[in-house]
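First the structure, in the form of structure tokens, and then the observations on it.
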Amino acid sequence: MVANITTDTEDAVHLSRHFLRLQAHHVAVLPGPLPGPADANGMTTSYKLFAVGAWVEDVQEEHLAVMALVVTSGPEGVARVEPQRLASWRHPGPVTALQVADLGRGEVCIFSGGGGGALCRLQLAMPLAPGATPSDIQLRGGGFEGADLLVAAQLHRGPLSGISVQSDSRLVATCGLDGRIFVLPVLGDLSAHMEEPLVDSGPSTSYWAIAWSSPQTFVTAGTTGGLEVWDRRGGKPVARSPMSWGATGFAELDLAQGTARRISSVAVHPGRPHLAATGSSDGCVAVWDLRFRNPPARAALDDPSAGDVRKVQFDASEAAAGGGAGGGCLLFCTEGGFLAMASPAFDDGSSAQQERGGAGGAAWRAEVLWREPAAAMLAFDAEQDQGRDLMASTDQECLVYISR
Amino acid sequence: MEVDGGNDSGDVLATIPLLPRGRLHAGWGAGNHLLFAALPVAAPIEGFGSDSAPEASSDEPTATTNVQWGCPSQNERRIAYDTLPLFKTLQRALKEAGKDRSSAGVAVLDFSRAVSDALANEDPGDEAAAETAREKALWDMLELFFATPRNPQGTAAEGLAQWLMRNQAALGGPHSPLAQQLDGLADFLPAEAAADYWECAARATAIGWVGAAVDVLCSHSALQRYADSSTLRADVQAEIGILEPVVLLLRRMPRYARPEGFDTAGRDFHDFTEFQQYRTNWVEQCREFLQSEAEWSAAEAKAPSTAKGLRAVLGVLAGSQPALVEATRSWPELLVALLLHTQPAARPQLDLRPLLRRSRQLRDRADGGESAEPPPPPLPPLASLPEMLLEAAEGDAQSVVATVAAAGCSPWFLAHAPLLMAASPRGHAALHAALPAHGGDQVEAYLLEYVAALAPHRATSRVAAEYLAWCPTHGAAAFERLLPSLPAASALHLAAEFQLPHLAAGVRRQVAAQHSSHGRMGAALAELAGMGDRDGAAHVLAPLLAEVATALTSSPQPELQPVQALSQLTWVLSSLPSAVAPPAATFLLAYQRLALAWDALRAPSQAADMATSKAEAAAAALGALSSAPRPLWLPLAAAVAPLIDSCPPAFDLADTQALLLRLQEIPEERYSLEAVPEGVPQLPMPGAAAEQQTLVVANAIARNLARAYVSP
Chain A
1 MVANITTDTE DAVHLSRHFL RLQAHHVAVL PGPLPGPADA NGMTTSYKLF AVGAWVEDVQ
61 EEHLAVMALV VTSGPEGVAR VEPQRLASWR HPGPVTALQV ADLGRGEVCI FSGGGGGALC
121 RLQLAMPLAP GATPSDIQLR GGGFEGADLL VAAQLHRGPL SGISVQSDSR LVATCGLDGR
181 IFVLPVLGDL SAHMEEPLVD SGPSTSYWAI AWSSPQTFVT AGTTGGLEVW DRRGGKPVAR
241 SPMSWGATGF AELDLAQGTA RRISSVAVHP GRPHLAATGS SDGCVAVWDL RFRNPPARAA
301 LDDPSAGDVR KVQFDASEAA AGGGAGGGCL LFCTEGGFLA MASPAFDDGS SAQQERGGAG
361 GAAWRAEVLW REPAAAMLAF DAEQDQGRDL MASTDQECLV YISR
Chain H
405 MEVDGGNDSG DVLATIPLLP RGRLHAGWGA GNHLLFAALP VAAPIEGFGS DSAPEASSDE
465 PTATTNVQWG CPSQNERRIA YDTLPLFKTL QRALKEAGKD RSSAGVAVLD FSRAVSDALA
525 NEDPGDEAAA ETAREKALWD MLELFFATPR NPQGTAAEGL AQWLMRNQAA LGGPHSPLAQ
585 QLDGLADFLP AEAAADYWEC AARATAIGWV GAAVDVLCSH SALQRYADSS TLRADVQAEI
645 GILEPVVLLL RRMPRYARPE GFDTAGRDFH DFTEFQQYRT NWVEQCREFL QSEAEWSAAE
705 AKAPSTAKGL RAVLGVLAGS QPALVEATRS WPELLVALLL HTQPAARPQL DLRPLLRRSR
765 QLRDRADGGE SAEPPPPPLP PLASLPEMLL EAAEGDAQSV VATVAAAGCS PWFLAHAPLL
825 MAASPRGHAA LHAALPAHGG DQVEAYLLEY VAALAPHRAT SRVAAEYLAW CPTHGAAAFE
885 RLLPSLPAAS ALHLAAEFQL PHLAAGVRRQ VAAQHSSHGR MGAALAELAG MGDRDGAAHV
945 LAPLLAEVAT ALTSSPQPEL QPVQALSQLT WVLSSLPSAV APPAATFLLA YQRLALAWDA
1005 LRAPSQAADM ATSKAEAAAA ALGALSSAPR PLWLPLAAAV APLIDSCPPA FDLADTQALL
1065 LRLQEIPEER YSLEAVPEGV PQLPMPGAAA EQQTLVVANA IARNLARAYV SP
């Protein structure tokens, strides 16, 4: 790529851009090995493994690919970053959702959803020993046949729009535009559950996003507006956000723009399961207390070209460190090419400009981490343990790697 | 049937299968994309004549073929992505600069250098990279003549030397680039043991890499031996005697208006007269030293190869034509060498043509003498480099464009090179002149060609759309046509960014139609309502309205039942701005509220709760009745008649009177020809049932009216 920009500032942040030769619509970081010992020059090589759901222009096909960033670091920081495509399978239709289930001890399941409602599963055994290389990755099970990824279960009658994995209960939940929600075991025969949706709201409802909040409960966003909390043991929502808070938590904007605004992404705080983050239209993000006692805290990018939020996620690095006063920081990316962070605004006057939604919950501050000069930021993911490594993909076949 | 590219090559792009007795339909996709559909047609029906209109047969499949051409390769896509932000920055800067040509020139130069960097960012050794390198050579040349400010004397020797240095790999012909040769010297100890050591020194000197030449000479082991040895050895002394003066002369080589960052050795001059005076003396010194037999004879006796090599270097510095020919490897190198060492005052517009001819002739002669086989011809688009060089040197942008277009440059190059050339006043006048049959100018025409190459491909279609914002004549129409083929999220974002709400509405309508065709009513409604399409929203709601209408009209005594789908749509329906909400939405919401209140009313509860439920039901009933489509008013009123007729009264005097007035309008409405909303039958009830309902409602209203008068 033209710019391998290294911004080794005082905070020693490395940022580089890499031409992937595929348009990754979804990115999921995989657990990988720790780097081996340094060589004679003090350089270490680490492999940052990740999966992408992508359109491969050269062959005109949708693929699920497992990739690695080979990062060579020395005493002065990151010296070289090289992307490698390790394996790639044809995906049944466009990849509309991607999620990784880390089952521990290197056992990993990659779930991908398709535009036709199919759920695919790829089981891998990842090498975790320090110094191990991607060649030690083992494929498990029969999630593929030759160059094709196999459909594990045809669940939805239309695009599968969201996947969420609950590691403790080893369950995977999916939602679709067909108004159906499935909860399935991570392992085992998924096709046995194809006719048993947990929820079938009918065609009048479409769900955009889903995220587990506890081993038994999950939260959804859809045409029903706001957030709905479900208990998997029942078929109806156990709680939902008040209509007065708006469809996205920005009541005034939602009222003014009606149904044009919607939530596109939901994430639940890894350590505080009562907190959910949503990303929505026009660069808006919100943090909801799922007990719905107070309106959500909100932040928005102060740029008219911010575009809709494509993905939101709690910042694992902040969560690991205890988070901010309001419950950690958010990372999000937008159609306008922004990769940004939102955090509780302190009383420095900087929050006033972020109050685009008008009266509501606490105002958070949005800060741009990186902006693509002329591309959409389609997806991103952060390393789960400490959130130091961020990988974001653009619609210009580019991967942005940030090491914090 | 074969489809070719319409050019002289006659390459077949695709073969279209035709069906026997079939009909072939062809249509344009976005950009360089043709769609063919071979439709089978049924045989003419016997007895109806041979000219009866054939009809599509449903038995045979339709064969469709997509034909695309000029598909961007990986490398071309990367360049497209890297160039777009630079292009946008340039356009903004030009807009800000307005008529300030100086600011505009700075912006174009910045753009050009950034693009050149982007083109240089490629793994060497790849054929695609080699193609890019050749276009980069042309790009840098155009930058030199059209975008780089001229020095006061108007010379271009140093500029061309820098151009050659930046594009050595592309311009060096079949020979190894000098940089590669120089790197190779590091493998030898002593350095002069390398077979091409002296060739490197002379070649670097000839093409102006004086710093590199000094480094090469300073790596000679004689200097090292001289420094290390405590007692001077005669052979080293002899070598040092010719080596040091040559290095000194190299370090003092006069340079006029050397571009920033190009080479480091030599003595810089900014005043041309001073440069000329100094150069005359310096060349004289070079020639004198070359002829000082005392030093050379001693060195030739002790170290003949060193003496020979240094003579070659010195010959170059002294401007000896044979030495220059010997030192260079291609005609661009020789041209630069001739300019630097024989005619540094040459001005491109006046002097480049004869120099170029001379350098080509000399080079051809030298190459013919060395080998029986002539060197391979340069690859496109560099085959036309001499013409382009002369045209560019003369500032003839129009001719350059014509040559570039014929030379096989990529659509990317053709789209962006005119921007560079338009930076010069002459280029601006030529390239921005309106094309008679086109409407726009050449700059726009080539941009549109580029857009057409990018548009049909998912990875690059958004890039294509972004370029259209800078196509003033045809951009808007092309954007409108391209937008529906983009991913919806991209299309909506771009439409919002370019402030084209009507196009955003079109995209939402397309998405809504897709949802609607799959029965996703909520999603469809959200899209339609989001863009303010009241009629579209009404259309989506029609099945629900029909469901409610059927429930209300299927029996003379209708039951109020909540509709499952409506409970899911409550949010969307209640979020519709009043200007967008179709009447059906208001009614359906009110009906659902009434049905739920009705359910609550029928559930066993405390007396206090009952009163509240009744009040809520009455309010809901009034809402539903006031928004009900006319044909549904009577059945709905009949359904809530028990509530109207309840005691204590649920409706006050005013409400009851309003209901009575409304009832009185029913008979004339029932037989009116007024349009009824989609989904509602015009005459829902047979006459007898309607009259029975009228009676029930009238009685309920009458009794409640009486109660209201008695206990207001």
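Heads up: the sequence lines are chains A and H, in that order. Per my numbering: the first sequence = residues 1 to 404. Per my numbering: the second sequence = residues 405 to 1116. All residues carry an ideal CB built from backbone N, CA and C; glycine is no exception.
Between residue i and residue j, how many whole angstroms is the CB-CB distance? I'm expecting something under 8 Å.
i, j, result
"residue 73(A)", "residue 44(A)", "5 Å"
"residue 335(A)", "residue 302(A)", "Residue 335(A) to residue 302(A), Cβ: 16 Å. No contact."
"residue 733(H)", "residue 579(H)", "4 Å"
"residue 139(A)", "residue 150(A)", "With 8 Å as the limit, residue 139(A) and residue 150(A) do not qualify as a contact, their Cβ atoms being about 12 Å apart."
"residue 646(H)", "residue 699(H)", "5 Å"
With a threshold of 7 Å (Cβ to nearest heavy atom), would residue i be considered close to the ligand GDP?
i, result
"residue 181(A)", "Looking for the ligand GDP in the displayed structure turns up nothing, as the structure carries no ligands at all."
Using only CA atoms, which one of the options lies nearest to residue i?
i, options, result
"residue 371(A)", "337(A), 171(A), 178(A) and 404(A)", "337(A)"
"residue 1110(H)", "842(H), 1058(H) and 793(H)", "1058(H)"
"residue 406(A)", "365(A), 330(A) and 292(A)", "In the structure as shown, chain A starts at 1 and stops at 404, and residue 406(A) therefore has no counterpart that could be examined."
"residue 147(A)", "244(A), 59(A), 392(A) and 277(A)", "59(A)"
"residue 379(A)", "282(A), 38(A) and 333(A)", "333(A)"
"residue 128(A)", "64(A), 122(A) and 33(A)", "33(A)"
"residue 662(H)", "629(H), 888(H) and 561(H)", "561(H)"
"residue 310(A)", "224(A), 267(A), 154(A) and 374(A)", "267(A)"
"residue 285(A)", "139(A), 252(A), 203(A) and 365(A)", "365(A)"
"residue 815(H)", "858(H), 800(H), 802(H) and 928(H)", "858(H)"
"residue 739(H)", "696(H), 783(H), 789(H) and 712(H)", "789(H)"
"residue 552(H)", "515(H), 586(H) and 994(H)", "515(H)"
"residue 330(A)", "367(A), 142(A), 376(A) and 121(A)", "367(A)"
So, does the CB of residue i fall closer than 8 Å to a CB anywhere in chain A?
i, result
"residue 966(H)", "no"
"residue 449(H)", "At residue 449(H), the pLDDT of 49 sits below 50, so the modelled position is not reliable and the matter cannot be decided from this model."
"residue 861(H)", "yes"
"residue 624(H)", "no"
"residue 976(H)", "yes"
"residue 1050(H)", "no"
"residue 897(H)", "yes"
Would you say residue i lies against chain H (beta-carbon separation less than 8 Å)?
i, result
"residue 216(A)", "no"
"residue 203(A)", "yes"
"residue 66(A)", "no"
"residue 245(A)", "no"
"residue 111(A)", "no"
"residue 19(A)", "yes"
"residue 405(A)", "Because chain A is modelled from 1 through 404, residue 405(A) falls outside the range shown and cannot be assessed."
Looking only at its chain, what residues have a beta carbon closer than 6 Å to the beta carbon of residue i, apart from the 5 residues adjacent to it on each side?
i, result
"residue 1045(H)", "1100, 1101 and 1104"
"residue 933(H)", "941, 980 and 984"
"residue 393(A)", "24, 27, 378, 379 and 399"
"residue 402(A)", "15 and 390"
Please go through the same chain and pick out, in chain order, the residues whose beta-carbon is closer than 7 Å to the beta-carbon of residue i, but skip the five residues on each side of it.
i, result
"residue 567(H)", "544, 545 and 548"
"residue 861(H)", "475 and 476"
"residue 498(H)", "508 and 511"
"residue 989(H)", "941, 945, 977 and 980"
"residue 747(H)", "755 and 759"
"residue 115(A)", "93, 94, 96 and 159"
So, for residue i: in the same chain, excluding its five sequence neighbours on each side, which residues have a beta-carbon less than 8 Å away from its beta-carbon?
i, result
"residue 657(H)", "614, 669, 670, 671, 686 and 721"
"residue 875(H)", "844, 848, 851, 852, 855 and 882"
"residue 536(H)", "479, 483, 523 and 526"
"residue 274(A)", "213, 289, 290 and 291"
In chain order, what residues of the region 481-500 of chain H put their CB closer than 7 Å to some CB of chain A?
-> 481, 482, 485, 486, 488, 489 and 492
Short-range partners of chain A found in the region 980-994 of chain H, where Cβ spacing is below 7 Å | 980, 981 and 984
Using a Cβ-Cβ cut-off of less than 7 Å, give me the residues of the region 899-926 of chain H that come near chain A, in sequence order.
-> Hits within the stretch, in order: 901, 922, 923, 924, 925 and 926.
Which residues, in chain order, does the region 223-240 of chain A contribute to contact with chain H at a C-beta distance below 9 Å?
-> Listed in sequence order: 223, 224, 225 and 226.
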